[in-house]
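First up is the structure itself, then whatever we jot down about it.
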Amino acid sequence: MKSLLLLTAPLLASLALADEPAPNADKRALHLAVQRDGQRNQSAAAAISLPVGERAWVQLGAG
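According to the numbering used here, the sequence shown is numbered sequentially starting from 91.
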């Protein structure tokens with residue numbers, strides 16, 4: 091019985107650590123901002139964030 095446990099424990103552990111998504115897989119973002127004051131001055135800005143590889147991302151912005 092003990093040998094059966096020793097054989098199945100690594101199998102169960104490997105199933106628990108099966109393919110997991112990358113930490114930044116769902117980190118896509120789009121940010122938009124528009125501002126206007128009482129003197130009719132206006133400003134706008136935009137930024138986009140996209141994942142690159144498994145643990146990095148790139149951000150692009152304009153304003």
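We put the beta carbon where it would ideally sit given N, CA and C, even for glycine.
Here the structure is a predicted model, which means the values were calculated and not measured.
Beta carbon of Ala152, beta carbon of Ser139: below 7 Å?
The residue given as residue 152 occupies position 62 in the sequence shown. The residue given as residue 139 occupies position 49 in the sequence shown. The answer is no: Cβ separation not under 7 Å.
Identity of the residues DSSP links to Gly143 by a beta bridge
Walking along the sequence shown from the start, residue 143 turns up at place 53. Paired residues: none, contrary to the question.
Quick check on DSSP: helix, strand or coil for Arg118?
The count along the sequence shown starts at 1 and reaches residue 118 at position 28. It is coil, neither helix nor strand.
I'd like the list of long-range same chain contacts for Leu150, defined as Cβ closer than 6 Å, with 5 residues on each side in sequence excluded.
Locating residue 150 in the sequence shown gives position 60, counting from the first residue. Ile138, listed in sequence order.
Looking at the structure shown, is Arg126 part of a helix, part of a strand, or coil, going by DSSP?
Stepping through the sequence shown from its first residue, residue 126 is reached at position 36. Strand, per DSSP.
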